[in-house]
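Notes for the one structure printed next.
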Amino acid sequence: MGQDQTKQQIEKGLQLYQSNQTEKALEVWMKVLEKSSDLMGRFRVLGCLVTAHSEMGRYKEMLKFAVVQIDTARELEDADFLLESYLNLARSNEKLCEFHKTISYCKTCLGLPGTRAGAQLGGQVSLSMGNAFLGLSVFQKALESFEKALRYAHNNDDAMLECRVCCSLGSFYAQVKDYEKALFFPCKAAELVNDYGKGWSLKYRAMSQYHMAVAYRLLGHLGSAMECCEALDAIERAQDLAEEVGNKLSQLKLHCLSESIYRSKGLQRELRAHVVRFHECVEETELYCGLCGESIGEKNSRLQALPCSHIFHLRCLQNNGTRSCPNCRRSSMKPGFV
């Protein structure tokens, strides 16, 4: 299959995909991949397959095609193609919760010199890195990455990227329990979808609505808790999973929940063990206010991130009167984007 025929078949697949005939589109693209000898066409069709499998939630397949795309980009010997393929590899690993690999591939993207696509894709690289840091509960670096992604979005008038960053920030603030901001950012994303999203995928509207729903639920009244015996069994399984993937914030929340259950049952030894582990997790994640010393993420509270990405209770900053960050002593106290 030559260059012209490859291009025609890729476009045919895109038309099928945009008309929601996903499986037929995949069949067309797979035939192109099997028969085409055009490297540029193969690279493009691999990008289509990566995107399609991502939106379908088939992340292992997404990773498989991203790996093949890397090899194709190397054959083309073009830095822009390498950047795009490494980004797809990073996003594939992000979806599979391989957060350390995601960060490594994002750093590779940022280290590629002289790419024309850098301005266009740099924001997506920062977003993927931020999501990975958030998955690892490295909150300051997550905020730094999200702020960079927002700058890319604003500087390039990229409303779609801004929408995605706002949804990630909604997730961030939901995790650290500033529920007002957890709602504000997805609402901003929903506004962007309404204003600019006529030709966007439906996933953007669904994504913003999902994060809004999470925030509304957190701001409302929750139902009764599970029976203690059922809760402890579920918590134990959840703790094993959180430790396996390295999600320290989930570990922190589970220790806090276990503490309250063991307190109600009067089991002092188990209670003390979870109190100790809770405070260890707070120290490891640096998830506490540097002014009052209280942990962040235990209850709903108004937070403020400074340009250095250190987080404090808003009330503490307002009452403190200092002109520099209490943690790193940077002079500026002007709030950043987030």
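When we follow full-length UniProt numbering, the leftmost residue of the sequence shown carries the number 1, and every step to the right adds one.
Virtual Cβ for every residue (Gly too), placed ideally from N, Cα, C.
- Scanning the UniProt domain "RING-type" (289-329) from its first residue to its last, the whole beta strand (DSSP E) runs of 3-plus residues come out as 303-305 and 311-313.
- By the CB criterion at 9 Å, C281 and L252 fall inside the cutoff.
- Annotated three-state conformation of R205 is helix, per DSSP.
- A straight line joining the alpha-carbon of N156 with that of P307 spans about 21 Å.
- DSSP, reduced to helix, strand and coil, places N88 within a helical segment of the structure shown.
- When the beta-carbon positions are compared, T22 and S137 stay at least 9 Å from each other.
- Q69 sits close to N88, with the two beta carbons spaced by under 9 Å.
- Put simply, the region 27-38 touches the region 1-15. At least three CB pairs are less than 8 Å apart.
- In chain order, Q69, I70 and A73 place their CB closer than 6 Å to the CB of S85, counting only its own chain and leaving out the 5 sequence neighbours on each side.
- In terms of Cα proximity to I311, the closest of G122, C48, F139 and K95 is F139.
- Exposure of P113 is indicated by the presence of fewer than 16 other C-beta atoms within 10 angstroms of its C-beta.
- Taken through DSSP and simplified to helix, strand or coil, W200 comes out as coil.
- Here G135 is actually not in contact with C163; their C-beta atoms are around 20 Å apart, not less than 8 Å.
- Taking the Cα positions, L14 is about 13 Å away from G41.
- Cβ contact annotation for K181 (same chain, cutoff 6 Å, sequence separation greater than five): Y173, in chain order.
- Secondary structure of S250 (DSSP, three-state): helix.
- Counting along the chain, S54 sits inside the alpha helix (DSSP H) bounded by residues L39 to E55.
- DSSP, read as helix, strand or coil, puts D4 in helix.
- V50 is positioned such that its CB atom lies closer than 9 Å to that of A66.
- Judged by DSSP secondary structure, E280 falls within the alpha helix (DSSP H) whose first and last residues are Q268 to T285.
- Sequence-distant Cβ neighbours of D38 in its own chain, meaning closer than 6 Å and more than five residues away, are Q3 and T6.
- In the same chain as P186, and ignoring 5 residues on each side of it, the C-beta atoms closer than 7 Å to its own belong to C166, C167, G170, S208, H211, M212 and A215, in chain order.
- DSSP places E77 outside both helix and strand once states are collapsed to three, so it counts as coil.
- Annotation for A25: G13, L16 and Y17 place their beta carbon closer than 6 Å to its own, counting only its chain and skipping 5 residues before and after.
- With 16 or more neighbouring CB atoms inside 10 Å of its own CB, Q124 falls in the buried class.
- Taking E144 as the centre and dropping the five residues before and after it, the same chain places the C-beta of S309 closer than 7 Å to its C-beta, in chain order.
- Sequence-distant partners of C292 (beyond 5 residues in either direction) whose C-beta falls short of 7 Å from its own C-beta, in its chain, are H313 and C316.
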